[in-house]
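Participant: Got a structure for you, questions after.
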Amino acid sequence: MKRRNVLAGLGALITGGCTKIGQTEWFGDVVDGAEKLSRGAHRMLGARPTMAREFSVADISPYFRGNGNTEIDTDTYRAQLASGFPDWRLEVRGLVDRPLSLSLEQIRALPQRTQITRHDCVEGWSAIGQWTGPRLSTILGQAGLKPQAKFAVFRCADSFGKAPYYESCDLDDALHPQTLIAHQLNGEPLPERNGAPLRLRIERQLGYKHAKYLTAIELVDSLDGIEGGGGGYWEDRGYQWYAGV
Amino acid sequence: MKRHAISTRIWHWLNLLSVAILFMSGLNISNAHRHLYWGQAGFQPHEAWFHVIRFPGWATIPNYYSLAAARDWHVVFAWIFSLSLLLFLITALLNGHFRRDLAGRREDWRPSAIGADVRKHLRLDFAPTEGKYNLLQKAAYAVVIFILLPLMVLTGLTMSPGMDAAWPFLVDLFGGRQSARSIHFIVAWALLAFFVLHVVLVLLNKPLKNLGDMIGGGRLDETA
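Each protein sequence line maps, in turn, to chains A and B. Positions 8 to 252 (the numbering used here) are the ones given, in order, by the first sequence. Positions 2 to 225 (the numbering used here) are the ones given, in order, by the second sequence.
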């Protein structure tokens with residue numbers, strides 16, 4: 008017992024010290040530096056654009072877990088879900104030449120891509136699913152990006168308490184050929200837990216970037232001043248904006 | 002001539018710091034999803050081959066559950082750990098450390114010589130017959146430096162979706178992201194086992210001199 012206490016004491020000393028350092032501003036700068044280094048390295052290595060692996064039908068997980076918010080408990084959403092979202096609109100706004108307001112019908116009429124990919128949660132688990140929808144680049148092409156546009160911000164219908172879920176990415180990921188606005192999972196309309204009726208697929212990054220229940224895409228030149236300024240709900244709570252690690 | 006080159010000593014202590022922080026922040030990350038799987042995917046407990054315990058705050062960085070903060074520590078020190086390992090490997094190849102002190106000659110590795118070394122260890126006699134290290138010591142260091150530490154880097158990279166897109170062969174090397182995650186976990190504990198054994202053996206064999214030599218460098222002729 009005594010040796011165990013010494014070990015626990017030593018552990019607590021290290022973890023306590025690290026916890027203190029973790030709260031300093033300079034360590035935050037170090038963390039940001041490492042995040043930029045990882046992003047730069049991933050962009051530098053491999054053929055361009057680097058593509059996420061696509062799997063075969065046999066690899067599809069029998070059940071695709073929902074995580075984070077898995078339902079939207081409002082009468083409006085419930086009514087929409089029951090009737091197939093006839094009134095749902097995806098707005099494209101901000102730094103674009105032609106703001107859009109797309110119905111599901113219009114989104115389904117665009118050229119479609121189907122891909123079977125691995126979804127990696129920041130917690131550590133993975134699931135494989137088949138996603139169908141237009142490329143985000145197709146939609147952004149219709150809207151026409153203004154030269155100042157640097158980031159795409161994704162607005163969502165779900166929230167944690169009063170804080171709305173949102174996400175963002177740079178144009179490298181927004182225009183990537185595997186980045187989709189998905190409306191189907193495994194050949195069926197998206198289930199509620201996976202973000203019905205529309206969710207983002209941004210295959211080279213972790214699960215929390217794949218915003219669900221999409222209502223709008225905003226093109227901006229800076230993430231400052233949007234919600235907490237971190238570029239996403241989880242980013243505002245300390246998670247990395249570049250979630251490719 | 003110094004017993005330990007300056008590059009070896011700097012790497013040794015930087016590596017200890019990095020591995021300790023990586024291990025303890027890794028325990029915090031493990032608490033986020035305490036099941037391990039084989040293959041590409043897995044998320045349901047019944048698919049798991051192993052269920053991990055919840056690690057207590059005194060063993061984790063930071064000392065409370067925070068996946069975000071633990072990942073920050075893990076990623077920063079993963080860079081320090083990998084780059085310092087790479088530099089050490091290059092330096093030790095160039096300055097002959099590996100050839101001179103780890104590889105030895107072919108006849109050193111006869112079964113009878115290995116058997117004799119095992120018997121010496123069982124008598125707690127750790128003095129090398131010749132050179133700096135005895136056979137079991139060379140084998141242990143080689144396994145850690147050439148197999149376990151590089152495995153941690155590679156399995157760690159394989160868990161990154163951005164790296165998998167850049168270097169798809171990583172996923173094939175380990176048979177899937179979840180397999181890489183399982184191997185990452187197993188090798189982390191193998192490194193802890195090495196650490197415990199290493200510290201016990203130093204304590205049993207002139208601990209102050211060995212510790213001092215790894216700091217100040219020591220003198221080679223004293224140990225010959």
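Using N, Cα and C, we set each Cβ at its ideal position, and we do this for glycine too.
Name the chain C residues whose beta carbon is nearer than 8 Å to that of A:E174?
Facilitator: In the structure shown, chain C cannot be found, because the protein chains are A and B.
Participant: According to DSSP, what are the bridge partners of A:T124?
Facilitator: Answer is A:G136, bridged to A:T124.
Participant: So with CB distances below 7 Å, who are the chain B contacts of A:Y246?
Facilitator: Within chain B, the residues near A:Y246 are A69.
Participant: Does the distance from the CB of A:G194 to the CB of A:H126 come in under 7 Å?
Facilitator: No, they are not a contact pair.
Participant: For the beta strand (DSSP E) containing A:P158, list its first residue and its last residue.
Facilitator: The identity of residue 158 of chain A in the sequence shown is Phe, whereas the question assumes Pro. Counting along the chain, the beta strand (DSSP E) containing A:F158 begins and ends at 158-167.
Participant: Taking the CB atoms as reference points, tell me whether B:S181 and B:T156 lie closer together than 7 Å.
Facilitator: According to the sequence provided, residue 181 of chain B is Ala. The question's Ser does not apply to it. For B:A181 and B:T156, yes; Cβs fall inside 7 Å.
Participant: Beta-carbon separation of A:L226 and A:A159 under 7 Å?
Facilitator: Against a cut-off of 7 Å, the Cβ pair of A:A159 and A:L226 comes out as a contact.
Participant: For A:H242, which of helix, strand or coil comes out of DSSP?
Facilitator: Reading the sequence as shown, one finds Glu at residue 242 of chain A and not His. If DSSP states are grouped into helix, strand and coil, A:E242 belongs with the helices.
Participant: Below 7 Å on C-beta distance, what does A:A41 contact in chain B?
Facilitator: Those within 7 Å of A:A41 in chain B are V76, V77, W80.
Participant: Hey, does A:V99 have any beta-carbon neighbour from chain B nearer than 7 Å?
Facilitator: No, because no Cβ of chain B sits closer than 7 Å to the Cβ of A:V99.
Participant: A:D177 bridges to which residues according to DSSP?
Facilitator: A:F158.
Participant: Along chain B, which residues have their Cβ under 7 Å away from the Cβ of A:G18?
Facilitator: Going along chain B in sequence order, the residues near A:G18 (Cβ under 7 Å) are W59, A60.
Participant: Please state if the CB of B:A49 and the CB of B:Y66 are separated by a distance shorter than 7 Å.
Facilitator: The answer is no: Cβ separation not under 7 Å.
Participant: Which partner residues of A:L192 appear in the DSSP bridge assignment?
Facilitator: The partner list for A:L192 (beta bridge, DSSP) reads A:W138, A:E195.
Participant: Answer with yes or no whether the minimum CB distance from B:R55 to chain A is below 7 Å.
Facilitator: Chain A contact via Cβ: absent.
Participant: What's the C-alpha gap between B:A225 and B:G132?
Facilitator: Residue placement at B:A225 cannot be trusted, given a pLDDT of 42 that sits under 50; what the coordinates show is reported in the next sentence. Straight-line Cα distance between these residues: approximately 7 Å.
Participant: How would you label B:M2, buried or exposed, when you count the other beta carbons within 10 angstroms and need 16 or more for buried?
Facilitator: Exposed.
Participant: Can you list the residues of chain A that B:H34 reaches, using a CB-CB cut of under 7 Å?
Facilitator: Simply E130, G131, W132.
Participant: What residues in its chain sit with their C-beta under 7 Å from that of A:S108, if we drop five residues either side in the sequence?
Facilitator: Within the same chain, A:S108 has close Cβ partners R96, E98.
Participant: Indicate the three-state DSSP secondary structure (helix, strand or coil) for B:K139 in the structure shown.
Facilitator: DSSP places B:K139 in helix when its eight states are reduced to three.
Participant: Measure the C-alpha to C-alpha separation of B:S31 and B:Q41 and round it to an integer number of angstroms.
Facilitator: Cα to Cα, the separation comes out at about 18 Å.
Participant: Tell me whether A:T22 is buried or exposed, calling it buried when 16 or more other Cβ atoms sit within 10 Å of its Cβ.
Facilitator: Under this definition A:T22 is a buried residue.
Participant: Does any CB atom of chain B fall closer than 7 Å to the CB of A:G238?
Facilitator: Judged by the 7 Å Cβ criterion, A:G238 is not in contact with chain B.
Participant: Rounded to whole angstroms, what's the CA-CA distance from B:K139 to A:A41? Just pull it up for me.
Facilitator: Each residue's alpha carbon lies about 34 Å from the other.
Participant: Are B:F44 and A:R72 close, meaning C-beta to C-beta below 7 Å?
Facilitator: The answer is yes: Cβ separation under 7 Å.
Participant: May I ask whether a heavy atom of the ligand ATP can be found less than 6 Å away from the beta carbon of B:L171?
Facilitator: Looking at this structure, you won't find the ligand ATP or any other ligand, since it has none at all.
Participant: Identify the residues that DSSP records as bridge partners of A:P253: which are they?
Facilitator: Past the edges of chain A, shown from 8 to 252, lies residue 253 of chain A, and the structure says nothing about it.
Participant: Give the straight-line distance between the Cα atoms of B:K210 and B:R4, rounded to the nearest whole angstrom.
Facilitator: Roughly 11 Å separates the two Cα atoms.
Participant: Are the region 160-180 of chain A and the region 114-132 of chain A touching by the rule of at least three beta carbon pairs closer than 8 Å?
Facilitator: Because the criterion of three Cβ pairs below 8 Å is not met, the region 160-180 of chain A and the region 114-132 of chain A do not touch.
Participant: Whole angstroms is fine: what's the gap from B:L137's alpha carbon to A:I135's?
Facilitator: Near 44 Å, if we compare the C-alpha coordinates of A:I135 and B:L137.
Participant: On the DSSP letters alone, give me the boundaries of the beta strand (DSSP E) that B:A49 sits inside.
Facilitator: No beta strand (DSSP E) holds B:A49; DSSP gives it neither H nor E.
Participant: Reducing DSSP to helix, strand and coil, say where A:I224 ends up.
Facilitator: Strand at A:I224.
Participant: Show which residues of chain B have a CB atom less than 8 Å away from the CB atom of A:I135.
Facilitator: Ordered by position in chain B, the residues that pass the 8 Å Cβ test against A:I135 are Q41, A42.
Participant: Would you call the CB atoms of B:W74 and B:S26 closer than 7 Å?
Facilitator: Contact flag set, yes.
Participant: Quick check on A:T26: buried or exposed, where buried means 16 or more other Cβ atoms within 10 Å of its Cβ?
Facilitator: It counts as buried.
Participant: Listing by chain order, which chain B residues have their CB less than 8 Å from the CB of A:H49?
Facilitator: Under the 8 Å cutoff, chain B gives S161, G163, M164, A166, A167.
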